[in-house]
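Just so you know, the sequences run in chain order A and B.
Counting from -1, one number per residue, gives the positions in the first sequence under my numbering.
Counting from 8, one number per residue, gives the positions in the second sequence under my numbering.
What follows is a set of notes on a single structure, which appears directly below.
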Amino acid sequence: MKYLPSATRGVRTVSVFVTLAGIGLVSAIHAGDWRQFRGNAANSIALNENLPTELSGGSVAWKVQLPGRGLSGPIAVGQQVLLTASSGYAQDRLHIISFDTETGETQWERQFEATGRTGCHPKMCVATPTPASDGERVFAFYSSSDLICTDLAGDLQWYRGFGAEYRNASNSLGMSSSPIVIGSTVIIQVESEAEAFAAGVDTVTGETKWKIDRPRKANWTSPTILPAEDGRPALALLQSSAGLSAVDPETGHVVWTFDNGASTIPSSLVVDGTVVIPSNGLTTIKPSADGTAVESVWNSSNLGPSTPSPVVINGMTFTVNSAGALSAGDMTTGERLWQMRLKGKFSGTPLASNGHLFFFNEAGYAFVVRPEKEKGEIVSELDLTETILCSPAASDNALYVRSDGHLWKFADQR
Amino acid sequence: MNRFMIPIVTLCLVAPVFADDSADAIRTLQAIGEYSKGTADARAAVQTLKQGGSSNLLPILKAFNGSSLLVKNWLRSAFEGIADAEQKAGRTLPKGDLLAFVKDTSESPSARRMTFEWLLQRSPQLEDELIPGMLLDPSPDFRRDAVKRLIDQASAAKDDTATNLYTRAMSGAVHEDQVKTIAKALQDAGIEVNISRHFGFLMAWKIIGPFDNKDQKGFPVAYPPETKLDLTAEYDGQLGKVQWQPITTEDDYGVVDIGKQIENYKGSLMYTTTTWQSEKDQAVEMRLGTPNAWKLWVNGELIFEREEYHRGTRLDQYKVPVSLKAGPNTILVKICQNEQEQSWAQDYKFQLRVCDRTGAAVLSVAKSAANSTRRKEIR
């Protein structure tokens, strides 16, 4: 069993220390970590990774069977890939599983019983939110609003049943918002028409640091991170149909708001201080120098995403619409540069690394796209033959993705 | 160091854990409350239990009974931590004690199921040994497995043999998919199946309305039926005077379809009521399905309310624990329709059943007597 504390592991590089410090993830540093939904900075960019771009069968390092369903994506901490799943007729069995990154061997598995409602749309399941980690602990969140913290050895540290504490904290179609960690706070959004709040939970004690009311509307988006800058601390960005709120992760104090409305499915992201919001298509804003207000940069009605969140690399935005068309936009102006057709529908957000985009459609087709200013090119495809609805993860030059039945590791085998 | 000294040294280094320590640790776990109350003590308690090793497994399991789901999850974590460590250390779990626990139906269903699954890892034959006798088990998971075996056997059999197997399977089935499979097979064989009775749906109601719910403002308004239930009264409704009227459903799944059986009054709400005769004082679950906002009262007490519109509906969408008294119990449901115009937002309906925690029907006394006769006719 390998679940060495991060501090004792060989550290490939600490070149991302500044980035991690900026977003408050400094409790343990391992460059290859992918600690939450859409990665450490919650923007789907894998820095300093060299992922396999030829996804032929030979790139599958291992494939392991899973004990339950899940739309949740994998996360990676050191030599562990951590994943959630749900099982049982009522989907009320909650799993947290730790796999060895090298072998795919299960290091440990823990099961819990949901304390909140487990009903979901058939396409979803209770293990829809992606877990998060601060490098020492795992924070597994579920559609039932159970927030479970274990250490990296699987020992339960604390357990919050938000669905039991707040009995209307559920959506009959299911909840999907993934938690993020900023400093010593786990931030969750639990938002439906019946009850809606966001909360900051102490990573060590599990106690509520703050809880704020949110718009009572169905909302499946996840919080994202506005990194610290020029003395301003990192902020949590909470999206809803009303727009975006920047919240102090320590206090829950709302620092600024963007009130022009936003999508309730794809989530915002931040790249180089610019916030990209699925709002009226796609909108970018920039916080003011003093960090208390925002200014609009551009809006583009023809770059609107469907379920997958936007991604930004090489000065371009990328969104996928409901027909599976990939649109590239100029990150400076919002002008649409080109479109290309990918096959099928997409639920998972693509991952960006080493100049490529990694897509997995709902039918299980993987596409690696090399985007350039003039066009995009599919450089490899692979049919995994299973429904894939999660967002992939990248760690230590490997790509991880899961279906309801399996978890794959892709790595260059040369 | 002499190899024989290693166990002695190990014994000296590991603090002994006495039974009193373990009992205290379990009590600590049972004291855990919501909002992370008692978490630090709980973490220490789990470590104490882990130090005691497999001797603590049975006391942990027995503590499940009567504990909240939150406490059960801490107990589960302690159990799995110990069992995992024991197996990784190459030691066997106390199979005899654990097996006896699995067989004891007075113990917690979820603890029994967890224990069974741990035993199954090393003793897969237990599935064949135990599951066939678990058709009426208090654990819905065990029942499901037992029903599945009977369905599998029935589907491979013919004529009366198949029918008898399906009929036995139906006696334990509590899950919709299995009930549907069995019911179809029996109906194909020419046997009438009363699905609504099997699930315990309430089929006969009285209804009054519509009352105003324009702009969804009616949900918090206490219209007269909420303050005094008088089935002879007449009130000012949304569109004029309203009185209680009977409404029944013959739907297999007990759906009272207000939109179709009466009218889909947009921006309105209705009250429905019925009386349920309980044989004794008992704890049951009322399981409701509706795409509309709703409130539920039992014997005048507001049990639960939820203001959500058109986010889907399904069997057992809401599971509400209720304490019933012996004799007549009055059930009142408020169902609210909003003014959304989308095609998927036009349903105005609900279904409600009374069952135990496994999902098996608990029938009203009068209904139970009436239907048991019918059941004999079916057979």
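In this text, a Cβ means the ideal position worked out from N, Cα and C, and glycines have one as well.
As the structure is a prediction and not an experimental result, all values here were calculated from the model.
Check: Residues near Val58/A in its chain [Cβ-Cβ closer than 8 Å; skip 5 each side]; Outcome: Trp406, Lys407, Phe408
Check: Asp152/B burial status per 10 Å Cβ neighbour count (16 or more: buried); Outcome: buried
Check: Helix, strand or coil at Arg327/B according to DSSP, with G and I counted as helix; Outcome: The displayed chain sequence assigns Val, not Arg, to residue 327/B. Strand, per DSSP.
Check: Neighbour-count burial assignment, Leu246/B, 16 or more Cβ in a 10 Å radius; Outcome: exposed
Check: Residues near Ile198/B by beta carbon distance below 6 Å, same chain, minus five either side; Outcome: none
Check: Cys343/B versus Lys213/B: straight-line alpha-carbon distance, rounded; Outcome: 16 Å
Check: Distance between beta carbons of Thr168/B and Leu193/B, contact taken as under 8 Å; Outcome: With 8 Å as the limit, Leu193/B and Thr168/B do not qualify as a contact, their Cβ atoms being about 13 Å apart.
Check: Element boundaries [alpha helix (DSSP H), containing Val121/B]; Outcome: Per the sequence shown, the amino acid found at residue 121/B is Met instead of Val. Its alpha helix (DSSP H) spans residues 116 to 129.
Check: At least 3 beta-carbon pairs within less than 8 Å: the segment 335 to 352 of chain B vs the segment 214 to 225 of chain A; Outcome: no
Check: Selected residue, minimal CA-CA separation from Val228/B, among Tyr278/B, Phe206/B, Leu64/B, Pro101/B; Outcome: Tyr278/B
Check: Simplified DSSP state of Ile73/A, which is helix, strand or coil; Outcome: strand
Check: Partner residues on chain D for Arg158/A, Cβ-Cβ distance less than 7 Å; Outcome: Note that chain D does not occur in the displayed structure, where the protein chains are A and B.
Check: Partners in chain B for Glu111/A, counting only beta-carbon separations shorter than 8 Å; Outcome: Leu76, Lys79, Asn80, Arg83, Ser117
Check: Interface partners of Leu98/A on chain B, CB under 8 Å; Outcome: A quick correction: the sequence has Asp, not Leu, at residue 98/A. Residues of chain B passing the Cβ test: none, with the nearest at roughly 14 Å.
Check: Residue from Thr249/A, Ser265/A, Ala226/A, Ala232/A whose Cα sits closest to the Cα of Gly241/A; Outcome: Ser265/A
Check: Nearest-angstrom beta carbon gap, Thr148/A and Arg212/A [assumed within contact, 8 Å]; Outcome: Wrong, their Cβ atoms sit about 27 Å apart, outside the cutoff.
Check: Residue span of the alpha helix (DSSP H) that contains Val154/B, given as start and end; Outcome: 147 to 163
Check: Closest residue to Ile311/A among Pro303/A, Asp257/A, Ala350/A (Cα-Cα distance); Outcome: Ala350/A
Check: Residues of its chain near Asn63/B, where Cβ-Cβ distance is below 7 Å and the 5 sequence neighbours each way are ignored; Outcome: Ser29, Leu56, Ile89
Check: Proximal residues of chain B, C-beta to C-beta of Gln155/A below 8 Å; Outcome: Thr46, Arg50
Check: Rounded separation between Ser401/A and Gln132/B - CA only; Outcome: 30 Å
Check: is_contact[Ala192/A, chain B] using C-beta, thresh 7 Å; Outcome: yes
Check: Distance, Gly86/A Cα to Leu387/A Cα; Outcome: 20 Å
Check: Beta carbon proximity, Ala367/B to chain A, threshold 7 Å; Outcome: no
Check: Rounded straight-line distance, which links the Cα of Pro247/A to that of Thr282/B; Outcome: 51 Å
Check: DSSP three-state assignment for Val367/A, whether helix, strand or coil; Outcome: strand
Check: Contact with chain B by Leu145/A, beta-carbon distance below 7 Å; Outcome: no
Check: Any C-beta of chain A under 7 Å from that of Arg360/B; Outcome: no
Check: Residue of Gly271/A, Val245/A, Ile94/A minimising C-alpha distance to Asp228/A; Outcome: Gly271/A
Check: First through last residue of the beta strand (DSSP E) which encompasses Thr282/B; Outcome: 275 to 285
Check: Which of helix, strand or coil DSSP assigns to Pro253/B; Outcome: strand
Check: Integer-rounded CB distance, given that Thr104/A should sit under 8 Å from Gln77/A; Outcome: So it is not a contact: roughly 13 Å between Cβ atoms.
Check: Nearest candidate by alpha-carbon position, reference Gly103/B, set Ser84/B, Ser61/B, Asp91/B; Outcome: Ser61/B
Check: Cβ distance (whole Å) where Gly66/A is taken to contact Ala83/A below 8 Å; Outcome: 3 Å
Check: Residues of the segment 125 to 138 of chain A whose Cβ lies closer than 9 Å to any Cβ of chain B, in chain order; Outcome: none
Check: Within chain B, partners of Arg212/A - CB distance below 8 Å; Outcome: Under the 8 Å cutoff, chain B gives no residues; its nearest Cβ is about 15 Å from Arg212/A.
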